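As structure tokens, the structure follows; a few thoughts come after it.
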């Protein structure tokens, strides 16, 4: 029963969504909206599961003075600080409105921290490119050359270097060709494979052949 | 010579007079056109929006002839009576000749007018549209081609599943990333370090996350047998709950229920970069020997994979996000590219009926490749010969494999 009910629910919801895609008429459109509302409600309730799990693990770490427990303490303090700010220091306004304590923390602490993490990407792109563009094999050499021409073709100096060539043969044209022809062809091949993979996986789940996510083997 | 000189002067003068006159005429005409009233859009047609659940009418019109004379857009007005009061329902930008009124009642009849508006706020009203009424349809015929092709592929998947169930042997090419799973888990066991599994950053409504959790189930079973520590930080609560159940089942089926802990799977945050910061912190502090990045990823993919690379972990990634694949290929030891991600669970399970579904996908590939080759040939023949026969055939293939917007 514990395994059959999730399987049955998955099959019903899956088939309703497929039918609704082709049959927009009642009752399928209403059922589809109903299921979508349920997803939102379940997701909203589930956030508490996540929050409780986070607090439970962090509290245990602090209580047991486990390894790296100060980080857990920062999580707990951060959680309560922003919750209290949102609930009690909004001055009668909505907590996300400009000028509230929550907004202040969001703009002055959260946003710069997120931006810092994102900025790390620039350095990681450089280090990953350094490894990827080493011409050790024929394919790697092709990648290196393609990357070289695309990068040079995307900056003004690339066109300046080849300005003596007729239009259509300059570095920017070569870069455009690499992006629009071989790159696009490869991307589309991957996309077709992905679409087929999604169909196959969805069918396995809906038909109950793939049972891992519903607690079966 | 004198006669020539006189006639030359005469023609020059005549030319100048003509030039001045035509210029003047042109000026008069130009100022006339500026003063003329703005011409309205014409041929306004309103009809039921096809292939929907009703409550929508599509309005089409022929652009105002003064479109190039500063028309800024079109206002669409409607009424339930041809002589009644018309109220505005929306605007369409200059150059657009259609508007979908998605707020109608199926039981009522509507009349539409389209008003051209120019930069000086001059308004020009079209004729009344014929009456229109919205109604729901039982089938969206714009998706008929999709139903046929999808039906063929799904039929092939089901056929091969049934075929495999009968015990027919199926050939499956080796996927290096999946062949390396046992080796990666074994390495972590030997080193006495944990295994990190990142199931992407999207929720359970994304098929990549579903694929990630199915792979987690297979991987967790092996991890349970090896008695290695598993760490699964998640960025969504529902993913956490599903992953917890999946890992628990995997440990039970491996006969190691005693080794399972609820702490293996834990929630971090929904915020993208907050999640990356937490995962990177775990990597640097716990130094996992093996990292799996399976699921849907965005900008965080490279940040995590490069950190994993820096700590010397074996890294196996898999995603169906084409923009992130190059990053994973550059930073990880093995990458499951696109469809390999979806094939992974079936591949790892080794069950014939699951493997049969992979064979069914090949039929889809044959259909796609055939359509590409036939379409390319027809377009080439059409371009060379200009024959309308090839042109219409190419158009047919194009339509068959496109979703036409209504």
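Protein chains in written order, with our numbering: chain L, 11 to 227; chain H, 741 to 1146. Glycine is no exception: its CB is placed at the ideal position from the N, C-alpha and C atoms. Since the structure is predicted, the reported quantities are computational estimates derived from the model, not experimental observations.
Reduced DSSP secondary structure (H/G/I, E/B, other) of residue 885 of chain H: Locating residue 885 of chain H in the second chain gives position 145, counting from the first residue. Three-state DSSP puts residue 885 of chain H in a helix.
Return the residues of the segment 1013-1025 of chain H that lie within a Cβ-Cβ distance of less than 9 Å from chain L, sorted by chain order. 1013, 1014, 1016, 1017, 1018, 1020, 1021, 1025
List the DSSP bridge partners of residue 838 of chain H. Here residue 838 of chain H corresponds to residue number 98 of the second chain, with the count starting at 1. In DSSP, residue 838 of chain H forms a bridge with H:800.
Which residues in chain H have a C-beta closer than 7 Å to the C-beta of residue 10 of chain L? List them in chain order. This structure cannot settle anything about residue 10 of chain L, because the visible part of chain L is limited to 11 through 227.
For residue 806 of chain H, count neighbouring C-beta atoms within 10 Å of its own C-beta (all shown protein chains included) and say buried if the count is 16 or more, exposed if not. What you label residue 806 of chain H is simply residue 66 of the second chain in a count that begins at 1. By the 10 Å Cβ count, residue 806 of chain H comes out buried.
If you run the structure through DSSP and keep just helix, strand and coil, what is residue 179 of chain L? The count along the first chain starts at 1 and reaches residue 179 of chain L at position 169. The answer is coil: DSSP assigns residue 179 of chain L none of H, G, I, E or B.
Distance check for residue 918 of chain H and residue 1095 of chain H, CA to CA, integer angstroms please. Within the second chain, numbered from 1, the residue matching residue 1095 of chain H stands at position 355. Within the second chain, numbered from 1, the residue matching residue 918 of chain H stands at position 178. Approximately 14 Å between the Cα atoms of the pair.
Give the single residue among L:54, L:109, L:55, L:85 whose Cα lies nearest to the Cα of residue 69 of chain L. Here residue 69 of chain L is taken as the residue at index 59 of the first chain, counted from 1. For the residues L:54, L:109, L:55, L:85, the minimum Cα distance to residue 69 of chain L belongs to L:85.
For residue 960 of chain H and residue 990 of chain H, believed in contact at Cβ under 8 Å, the rounded distance: The residue given as residue 990 of chain H occupies position 250 in the second chain. The residue given as residue 960 of chain H occupies position 220 in the second chain. With a Cβ gap of about 4 Å, residue 990 of chain H and residue 960 of chain H count as contacting.
Quick check on DSSP: helix, strand or coil for residue 859 of chain H? Reading the second chain from its first residue, position 119 is the one you call residue 859 of chain H. Coil, per DSSP.
The alpha helix (DSSP H) enclosing residue 16 of chain L, as first and last residue numbers: Stepping through the first chain from its first residue, residue 16 of chain L is reached at position 6. 14-32 is the extent of the alpha helix (DSSP H) around residue 16 of chain L.
Interface flag, residue 1031 of chain H vs chain L, CB-CB below 8 Å: If you number the second chain from 1, residue 1031 of chain H lands on position 291. No - not a single Cβ of chain L is within 8 Å of the one on residue 1031 of chain H.
Nearest candidate by alpha-carbon position, reference residue 846 of chain H, set H:875, H:935, H:1111: Reading the second chain from its first residue, position 106 is the one you call residue 846 of chain H. When each option's Cα is compared against that of residue 846 of chain H, the closest is H:875.
Would you mind stating whether residue 1032 of chain H and residue 915 of chain H have Cβ atoms separated by less than 8 Å? Here the question's residue 1032 of chain H lines up with position 292 in the second chain. Here the question's residue 915 of chain H lines up with position 175 in the second chain. No, they are not a contact pair.
Alpha-carbon to alpha-carbon, residue 1082 of chain H and residue 798 of chain H: On the second chain, residue 798 of chain H is found 58 positions in, with the first residue counted as 1. On the second chain, residue 1082 of chain H is found 342 positions in, with the first residue counted as 1. Roughly 39 Å between the two C-alpha positions.
Note down, in chain order, each residue of its chain lying with its Cβ closer than 6 Å to the Cβ of residue 1140 of chain H, except the 5 sequence neighbours on either side. In the second chain, residue 1140 of chain H corresponds to position 400, counting from 1. Hits under 6 Å: 885.
Closer than 7 Å, Cβ to Cβ, to anything on chain H: give me those residues from the segment 176-209 of chain L, in chain order. 197, 200, 201, 202, 203, 204, 206, 207, 208, 209
CA-CA distance, residue 133 of chain L and residue 1046 of chain H? Locating residue 133 of chain L in the first chain gives position 123, where the first residue counts as 1. Locating residue 1046 of chain H in the second chain gives position 306, where the first residue counts as 1. Straight-line Cα distance between these residues: approximately 10 Å.
Buried or exposed: residue 87 of chain L, going by 16 or more other Cβ atoms within 10 Å of its Cβ? The residue given as residue 87 of chain L occupies position 77 in the first chain. Classification for residue 87 of chain L: exposed.
Cβ closer than 9 Å: which chain L residues qualify as neighbours of residue 980 of chain H? Along the second chain, read from residue 1 onward, the residue named residue 980 of chain H stands at position 240. Residues of chain L passing the Cβ test: 56, 59, 60, 63.
Which residues mark the beginning and the end of the alpha helix (DSSP H) in which residue 122 of chain L is found? Within the first chain, numbered from 1, the residue matching residue 122 of chain L stands at position 112. Here the alpha helix (DSSP H) through residue 122 of chain L covers 121-142.
For a cutoff of 8 Å on Cβ pairs, would you count residue 223 of chain L as touching chain H? Taking the first chain and counting its residues from 1, the one referred to as residue 223 of chain L is at position 213. Yes, because at least one Cβ of chain H sits closer than 8 Å to the Cβ of residue 223 of chain L.
Here's the rule I'm using: 16 or more other beta-carbon atoms within 10 Å means buried, otherwise exposed. How should residue 764 of chain H be labelled? Counted from its first residue, the second chain places residue 764 of chain H at position 24. Here residue 764 of chain H scores only 43 on pLDDT, less than 50, and its place in the model should not be relied on; the value that follows carries that caveat. The residue in question, residue 764 of chain H, is exposed, as its Cβ has fewer than 16 Cβ neighbours within 10 Å.
Beta carbon of residue 1075 of chain H nearer than 8 Å to that of residue 948 of chain H: Taking the first residue of the second chain as 1, we reach residue 1075 of chain H at position 335. Taking the first residue of the second chain as 1, we reach residue 948 of chain H at position 208. No; because the gap between Cβ atoms is not below 8 Å, this pair is not in contact.
Within 8 Å (strictly less), CB to CB, does residue 1093 of chain H reach chain L? Indexing the second chain from 1 puts residue 1093 of chain H at position 353. By this cut-off, residue 1093 of chain H is an interface position.
Who are residue 1077 of chain H's beta bridge partners in DSSP? The residue given as residue 1077 of chain H occupies position 337 in the second chain. The partner list for residue 1077 of chain H (beta bridge, DSSP) reads H:1059.
Quick check on residue 1003 of chain H: does DSSP put it in helix, strand or coil? Here residue 1003 of chain H corresponds to residue number 263 of the second chain, with the count starting at 1. Residue 1003 of chain H falls in the helix class under three-state DSSP.
4-residue-minimum alpha helix (DSSP H) runs that sit fully inside the segment 903-958 of chain H, ordered along the chain: 916-919, 921-931
I'd like to know if the segment 1083-1093 of chain H and the segment 967-975 of chain H are in contact, where contact means that at least 3 CB-CB pairs between them fall below 8 Å. no
For the segment 1051-1071 of chain H against the segment 921-928 of chain H, are there 3 or more C-beta pairs whose distance is under 8 Å? yes
By DSSP, does residue 777 of chain H sit in helix, in strand, or in coil? By one-based count along the second chain, residue 777 of chain H stands at place 37. It is coil, neither helix nor strand.
Is there a C-beta anywhere in chain L that falls below 8 Å from the one on residue 798 of chain H? The sequence position of residue 798 of chain H within the second chain is 58, counting from 1. No - not a single Cβ of chain L is within 8 Å of the one on residue 798 of chain H.
Closest to residue 192 of chain L by C-alpha separation, out of L:153, L:180, L:216, would be which residue? Here residue 192 of chain L corresponds to residue number 182 of the first chain, with the count starting at 1. If we check each option's Cα against that of residue 192 of chain L, L:153 comes out closest.
Sort out for me which residues DSSP pairs residue 1031 of chain H with in a bridge. Working through the second chain from its first residue, we reach residue 1031 of chain H at position 291. According to DSSP, which records beta bridges pairwise, residue 1031 of chain H is partnered with H:936, H:1055.
Spatial distance of residue 822 of chain H from residue 182 of chain L (CA atoms): Along the second chain, one-based indexing puts residue 822 of chain H at 82. Along the first chain, one-based indexing puts residue 182 of chain L at 172. Straight-line Cα distance between these residues: approximately 57 Å.
Would you please verify whether the beta carbon of residue 885 of chain H is less than 8 Å from any beta carbon of chain L? On the second chain, residue 885 of chain H is found 145 positions in, with the first residue counted as 1. No - not a single Cβ of chain L is within 8 Å of the one on residue 885 of chain H.
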